[in-house]
Each structure stands twice: as structure tokens, then as C-alpha cells.
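Worksheet for the structure shown next.
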Amino acid sequence: MTPPTEQLSIGSFRILTANSDVAPYVERVQKNADSERNAFGFLNPNAYRQAAAQGKLFVAIDNDEQLVAHLMFGGVYPFGKVFQIYCIPEFRMSGIASALMETLIDHFSKLGFLSVSARVASDLDAANTFYGRLGFSHIKTVPGGQTKKRWINIRVRELNTPSLFSLFENNDDEVQNNLMIPSSFDAEDRIYAIDLNVFFDVGKRRSNEKDAGKVIAAVMRGDIKGVITQEFVEELERSTGNFRHDPFLALAQRLRVLPAPKKATSLANIESQLATSIFPHRSGTSELSPQEQSDVRHLSIAIHHKIDGFITSDQAILRSQAKLRELYGLDLLAPSDFSDDADITSKSGGIYEFQDESFSQLFLEPLSSENLDSVMQFLAEQGENDAAAKLKLDPSNPLKEQNTLLVWSGKRLIAFSCWRLSKSSLRSADIRLNSHECRGTPLRYPTNGCCK
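Written out as C-alpha cells, the structure is:
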């Protein structure tokens with residue numbers, strides 16, 4: 014993610030976003046974060062260095078160039094995430110934390126992101142008030158870790174990025190008849206090439222194992238479209254003597270492979286440019302080590318096929334994130350970018366509460382055994398009294414593979430939706446939506462949940 018600018022002046026403070034400017038403050042950022050472990054927990058010190066190198070750490074400094082606040086973020090297009098925001102006590106209420114957040118919002122908006130989320134412990138009143146004041150709605154509450162047994166509020170701020178629903182909310186008939194969606198909102202799934210080191214992080218139980226495992230699991234479920242390059246397979250064959258029985262190669266062979274072009278010269282210019290961008294201490298591809306040559310080949314094949322992103326744990330590659338996005342439009346992502354998804358349709362459940370001018374208070378929740386009878390009564394009132402429908406919707410039915418969402422106004426069920434994603438390459442979805450006659454706002458949330 015390319016930072017929006019290198020420095021921004023906010024009153025007597027400056028916000029630094031370029032990794033070269035942020036790097037000198039990383040150690041201080043870590044110390045400040047460690048002083049607030051009740052809010053942030055514990056992060057490996059290397060996580061802060063990685064965030065700075067990837068342009069995912071913004072800092073604010075005063076006129077004496079002393080650190081006063083920081084913001085660490087990540088996420089996967091089109092959903093951004095805030096991991097930490099901190100301001101030293103004597104500068105709280107100065108507006109600098111809000112300025113940091115708005116800088117990030119502007120950054121994500123320019124990249125075409127749809128929303129930004131944050132996970133905030135429910136007992137942190139000041140933090141929840143801060144996020145609420147900045148437009149982060151309380152989406153749901155989920156269980157936290159086993160150590161502290163806290164509850165975590167998922168908060169989301171929708172960005173002013175054009176989307177299908179925002180266009181239809183506009184009463185301009187001309188706009189609705191000409192749905193000009195930005196090119197970054199393609200109907201097809203975004204495609205990510207996965208580096209070999211992500212698989213090794215899991216298989217060799219490295220420190221990054223948990224996040225890397227989430228990437229592989231997401232690919233296997235079909236949540237993201239993962240591919241590998243031909244260099245992935247060749248590198249794995251070179252690294253093991255008995256590759257035919259290697260579990261990593263067996264898993265890799267189940268993914269789509271991006272072939273290298275038949276003419277080796279087709280990648281020469283890309284590889285030369287990548288070599289100087291990622292390894293500036295080398296004068297060209299001829300001075301690269303065998304491993305560095307392999308890294309460059311992975312990326313050049315991905316760029317040749319014009320896919321959307323490359324997922325890797327390699328820090329040299331991740332440090333080149335801004336440059337490669339500028340040159341090729343390729344997103345470089347770390348496994349940590351895929352952690353802690355804030356999805357209102359998560360199987361972990363939870364309730365989404367929001368206000369609407371047509372109703373005093375609305376609640377969203379997934380289907381459960383406790384509310385199944387209410388759903389069946391709701392459907393019967395609409396003329397759908399089918400025992401087969403109950404079997405299909407029954408949460409205890411092991412054959413049920415669908416997502417559900419209920420909308421309540423007080424004790425009254427006013428809308429119900431369910432959808433099932435196909436496992437085909439088309440990734441189509443069958444969606445069912447039932448609702449009482451009402452204004453469009455209650456319908457927007459279950460429908461939006463389906464599409465997300």
C-alpha cells in the first residue's frame with residue numbers, strides 16, 4: 014500500500030508515512046505499544062519493523078521531532094484494518110490521533126477500499142468512544158482470547174468509495190442507469206500468487222505459522238483465489254531430493270500454476286527492473302544470489318500474467334511494496350494482512366446493532382436453533398409454509414452449507430436472507446431475501462452482507 018504522501022503538517026505536528034522517515038521511530042513505537050499491553054496485547058518486535066518497511070506504520074512527531082503518536086494498519090483489498098493507534102498521554106485530546114486516522118482513511122479511499130475495521134476490547138471505554146466518534150460503527154461483539162476472556166467489539170467505517178448500493182441510494186435516474194463502477198471493482202475474484210515461504214512457515218512451524226496457516230486455509234476454502242508460479246514448483250523441486258513425496262509439492266500441485274512464458278527474454282526487462290527495486294545493493298540480475306534470482310522470477314511471472322497480488326513472508330520483497338505497486342499495480346501482502354477478518358457473516362456469530370430513522374433500533378444476527386422457529390413463522394406469514402424449507406435451514410442439519418442473516422426491529426423479525434456460494438470457478442451465489450414492506454435501509458444490510 015503506497016502511503017499517500019511522505020509528510021503532512023497538522024498544526025504543530027507532522028505525520029510521517031514514508032518508511033525511510035518512519036524507520037528511526039520504530040523502537041520508540043514498540044516501547045509505547047508495550048506500555049499499553051492491556052489494549053494491544055504483545056507483538057513480536059519484528060512486527061513493527063516489518064510494518065514500517067511495508068509502509069503500514071504512520072507516526073506523528075512534534076516540532077522537536079519527538080514521537081507523539083503512531084498508527085499501524087494492514088488488510089487485504091478492499092477491506093482495510095487498523096491494528097494499533099496510540100498517542101502519548103500528554104498529547105491526548107489534541108486531535109493528533111484523529112488526524113492520523115483521517116490520513117489513513119484518505120489513503121484507503123484513494124486506493125479504492127470499501128471499508129476499514131478495528132477490533133476493540135469491549136471494556137476499553139475510551140477507545141470505543143474514540144472509534145465511535147470517528148464513524149466506526151459497532152458491527153458485532155465476539156469472544157476474545159482464552160487468556161483474558163474478554164469480548165471484542167468489531168467496528169467498521171464504510172468509506173465513500175462508489176459501490177452498487179451507494180449508487181442506488183442516489184435518486185438520480187441517470188446515475189442508476191449508467192453504473193460506472195471503477196475498474197478495480199471487477200466481477201471476477203482477485204487472484205493472488207503465493208510464495209513458497211508461506212507454505213514453509215506452516216510446515217516448518219516458523220514464528221509466522223498462525224497467519225500463514227490462515228492464508229492457506231482461505232485458499233483451500235475458496236475464500237481467495239490462490240495460484241502459484243512455475244518457479245514455485247521448480248524451486249521446491251530444487252530444494253528437496255525426494256520431491257515426489259513432499260507434502261508441500263503435493264499441495265502446490267492442487268493449485269493453478271502460472272506458467273513462465275516460452276521465450277525467456279519476455280521476462281528480461283521485468284526481472285532487471287525488479288532486481289534493482291528489491292535488491293538495490295546489487296547492480297543487476299547477474300549479481301543476484303540463486304535465492305534472489307528465484308524471488309525475482311516468482312514476481313516476474315506474476316507480473317507477466319497481470320494478477321492482482323503476491324503473498325510472501327520475504328522482507329526484502331515486502332519492503333519494495335510501494336515501488337512495485339507504482340510500477341506494475343501489484344499488491345505485495347504479508348500473511349498478517351489476512352488475520353482478524355471483520356465479517357458480519359462470520360460463523361462465530363455475534364449481533365450487529367444500528368440505528369435507523371424508520372425504526373427505533375435494528376439488530377442483525379445469523380440463524381441459530383434458538384431463532385429457527387421465528388424464521389419459519391416469518392416465512393409462513395409470507396405464504397411459505399414448507400417443511401422442506403425448515404430442513405434446509407435447520408442449523409443442526411450437517412448438509413447445510415449456507416450463510417444466513419436476520420434483521421430484527423425490537424422483537425419483530427422484519428427481514429431474512431440466506432445465500433450459498435458455489436464451489437465452481439464462476440463463484441456464483443444463490444441468494445434468498447424475504448422482508449416485510451418497509452423502507453430500504455433494513456434491506457440494505459442483509460443484501461450487503463450477502464454481496465460481501
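Numbered per the working numbering, the sequence shown spans residues 14 to 465.
Ideal Cβ positions, reconstructed from N, Cα and C, are used throughout, including at glycine.
Keep in mind it's a predicted model, so treat the numbers as computed, not measured.
Closest option to Tyr341, judged by alpha-carbon separation, among Asp327, Ala315, Phe149: Ala315. Under a 10 Å Cβ-count criterion, Gly423 is classified as exposed, with fewer than 16 other Cβ atoms of the shown protein chains found around its own Cβ. For Met233, the enclosing alpha helix (DSSP H) starts and ends at 222 to 234. Between Ala110 and Ala65, the gap from beta carbon to beta carbon reaches 8 Å or more.
Every alpha helix (DSSP H) stretch that sits fully inside the segment 239 to 309 and reaches 4 residues is listed by chain position as 243 to 252, 260 to 265, 281 to 291.
With contacts defined by Cβ atoms closer than 8 Å, Asp327 and Asn221 do not form a contacting pair. DSSP places His120 in the helix class (H, G or I) of the three-state scheme. Per DSSP, the continuous alpha helix (DSSP H) segment holding Ser387 begins and ends at 385 to 394. For Arg132, the enclosing beta strand (DSSP E) has its first and last residue at 128 to 134. Close CB contacts of Ala231 within its chain, under the 7 Å cut and outside five residues either way in sequence, are with Ile237, Phe351 (chain order). For Thr154, the secondary structure class from DSSP, reduced to helix, strand or coil, is strand. Note on the segment 302 to 349: whole beta strand (DSSP E) runs with a minimum of 3 residues are 322 to 324, 344 to 346, in chain order.
Inter-residue distance for Arg338 and Asp344 is about 6 Å (C-alpha atoms, whole angstroms). Membership of Phe26 in any alpha helix (DSSP H) is not indicated; the residue belongs instead to the beta strand (DSSP E) covering 26 to 29. The alpha-carbon separation between Ile101 and Val81 amounts to approximately 6 Å. Within the DSSP bridge table, the entry for Ile98 names Leu84 as partners. When C-alpha distances from Gln243 are compared across Ile283, Ala60, Pro272, the shortest belongs to Pro272. In this structure the segment 60 to 76 touches the segment 113 to 121; the number of beta carbon pairs closer than 8 Å is three or more. Annotation for Val270: Val240, Ile241, Thr242, Gln243, Phe245, Val246 place their beta carbon closer than 8 Å to its own, counting only its chain and skipping 5 residues before and after. Separation of the CB atoms of Phe86 and Phe96 is rounded to 6 Å, and the pair is thereby assigned contact status at 8 Å.
Counting every other CB atom within 10 Å of its CB across the protein chains shown gives Arg267 a total below 16, marking it as exposed. When the Cα atoms are used, Arg62 and Ala46 turn out to be separated by approximately 13 Å.
Going by DSSP, Ser33 is part of the alpha helix (DSSP H) stretching over 32 to 35. In this structure, Arg170 sits away from His151, with a CB-CB distance that is not shorter than 8 Å. For Glu171, there is no enclosing alpha helix (DSSP H); the enclosing beta strand (DSSP E) covers residues 164 to 171. In the DSSP assignment, the residues bridged to Val72 are Leu29, His83.
Shown here, Ile204 sits in a strand according to DSSP, grouped into three states. At least 8 Å separates the beta-carbon of Val129 from that of Tyr144.
Inter-residue distance for Phe149 and Glu394 is about 36 Å (C-alpha atoms, whole angstroms).
One thing to note: Tyr90 has its Cβ no nearer than 8 Å to the Cβ of Arg163. For the pair Asp214 and Pro58, the CB atoms are not nearer than the 8 Å cut-off. For Ile427, the secondary structure class from DSSP, reduced to helix, strand or coil, is strand.
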